[in-house]
Amino acid sequence: MNFNHKVLFPEAENIELLNHQVVTKRDLLNLGNLLLNEIKNVKTSETPTKQWLKSTEVRKLLNISPGTLQNLRINGTLKYKRIGGIIYYNYEDIVKMLEK
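Sequential numbering from 33 applies to the sequence shown in the working numbering.
So this is what it looks like as C-alpha coordinates:
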(Lines of atoms letter the chains of each structure in order from A; the text may use other names.)
(Lines give C-alpha, C1' and ligand atoms only; values in the text may rest on other atoms or scores of the structure.)
Protein backbone atom coordinates (compact mmCIF):
# COMPACT_ATOMS: atom_id res chain seq x y z
CA MET A 33 0.00 0.00 0.00
CA ASN A 34 1.50 3.31 -1.01
CA PHE A 35 1.11 6.10 1.53
CA ASN A 36 -0.53 9.18 0.15
CA HIS A 37 -0.49 12.00 2.69
CA LYS A 38 -3.19 13.86 0.74
CA VAL A 39 -5.71 11.19 1.73
CA LEU A 40 -5.13 11.82 5.43
CA PHE A 41 -4.21 15.48 5.21
CA PRO A 42 -6.17 17.02 2.32
CA GLU A 43 -5.55 20.49 3.73
CA ALA A 44 -1.80 19.99 3.12
CA GLU A 45 -2.24 19.86 -0.65
CA ASN A 46 -0.58 23.23 -1.22
CA ILE A 47 1.73 23.10 1.76
CA GLU A 48 5.13 21.49 1.57
CA LEU A 49 5.44 18.82 4.24
CA LEU A 50 8.07 19.61 6.83
CA ASN A 51 10.21 17.17 8.75
CA HIS A 52 8.17 17.86 11.89
CA GLN A 53 4.39 17.88 11.82
CA VAL A 54 1.73 18.02 14.47
CA VAL A 55 -0.52 14.98 14.31
CA THR A 56 -3.96 15.55 15.78
CA LYS A 57 -6.35 13.04 17.29
CA ARG A 58 -8.51 13.46 14.19
CA ASP A 59 -5.54 12.58 11.98
CA LEU A 60 -4.97 9.38 13.96
CA LEU A 61 -8.66 8.47 13.78
CA ASN A 62 -8.62 9.07 10.02
CA LEU A 63 -5.56 6.84 9.70
CA GLY A 64 -7.21 4.13 11.78
CA ASN A 65 -10.36 4.24 9.65
CA LEU A 66 -8.31 4.17 6.45
CA LEU A 67 -6.33 1.14 7.65
CA LEU A 68 -9.49 -0.65 8.79
CA ASN A 69 -11.09 -0.12 5.38
CA GLU A 70 -7.97 -1.43 3.64
CA ILE A 71 -7.92 -4.51 5.87
CA LYS A 72 -11.62 -5.14 5.21
CA ASN A 73 -11.00 -4.86 1.45
CA VAL A 74 -8.14 -7.35 1.63
CA LYS A 75 -10.16 -9.60 3.91
CA THR A 76 -13.13 -9.78 1.54
CA SER A 77 -10.98 -10.33 -1.53
CA GLU A 78 -8.88 -13.07 0.08
CA THR A 79 -11.41 -14.80 2.34
CA PRO A 80 -10.06 -18.24 3.16
CA THR A 81 -12.44 -21.16 2.86
CA LYS A 82 -11.02 -22.86 5.95
CA GLN A 83 -12.46 -22.18 9.39
CA TRP A 84 -9.23 -22.93 11.26
CA LEU A 85 -5.93 -21.34 10.22
CA LYS A 86 -2.37 -22.16 11.27
CA SER A 87 -0.03 -19.46 12.58
CA THR A 88 1.75 -19.02 9.25
CA GLU A 89 -1.58 -18.48 7.48
CA VAL A 90 -2.70 -15.91 10.05
CA ARG A 91 0.61 -14.06 9.84
CA LYS A 92 0.35 -13.93 6.06
CA LEU A 93 -3.30 -12.81 6.19
CA LEU A 94 -2.59 -10.01 8.68
CA ASN A 95 0.94 -9.25 7.43
CA ILE A 96 2.39 -9.50 10.94
CA SER A 97 5.52 -11.00 12.46
CA PRO A 98 5.64 -14.15 14.63
CA GLY A 99 6.28 -11.95 17.68
CA THR A 100 3.23 -9.80 17.01
CA LEU A 101 1.06 -12.89 16.65
CA GLN A 102 2.48 -14.22 19.92
CA ASN A 103 1.64 -10.91 21.63
CA LEU A 104 -1.95 -11.15 20.34
CA ARG A 105 -2.17 -14.60 21.95
CA ILE A 106 -0.53 -13.58 25.22
CA ASN A 107 -2.66 -10.49 25.82
CA GLY A 108 -5.87 -12.35 24.91
CA THR A 109 -6.64 -10.27 21.83
CA LEU A 110 -6.79 -13.34 19.59
CA LYS A 111 -8.16 -16.69 20.80
CA TYR A 112 -6.41 -19.88 19.75
CA LYS A 113 -6.44 -23.64 20.17
CA ARG A 114 -3.34 -25.79 20.54
CA ILE A 115 -3.60 -29.30 19.17
CA GLY A 116 -0.40 -31.21 19.70
CA GLY A 117 2.33 -28.73 18.88
CA ILE A 118 0.30 -26.74 16.35
CA ILE A 119 -1.64 -23.56 17.14
CA TYR A 120 -4.89 -22.93 15.27
CA TYR A 121 -6.96 -19.75 15.02
CA ASN A 122 -10.65 -19.52 14.17
CA TYR A 123 -11.14 -17.29 11.11
CA GLU A 124 -14.24 -15.66 12.62
CA ASP A 125 -12.23 -14.70 15.74
CA ILE A 126 -9.73 -12.95 13.46
CA VAL A 127 -12.56 -11.03 11.76
CA LYS A 128 -14.00 -10.01 15.16
CA MET A 129 -10.57 -8.80 16.31
CA LEU A 130 -10.22 -6.64 13.19
CA GLU A 131 -13.65 -5.10 13.69
CA LYS A 132 -12.85 -3.96 17.25
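C-beta: ideal position from N, C-alpha, C; glycine also.
Straight through space, the alpha carbons of Trp84 and Val74 are spaced by roughly 18 Å. Secondary structure note for Leu85: its beta strand (DSSP E) is the uninterrupted segment Trp84 to Lys86. Ile118 and Lys86 have their C-alpha atoms spaced approximately 7 Å apart. If you draw a straight line from the Cα of Asn69 to the Cα of Val127, it is about 13 Å long. Here Val54 is exposed. Its C-beta has fewer than 16 other C-beta atoms within 10 Å.
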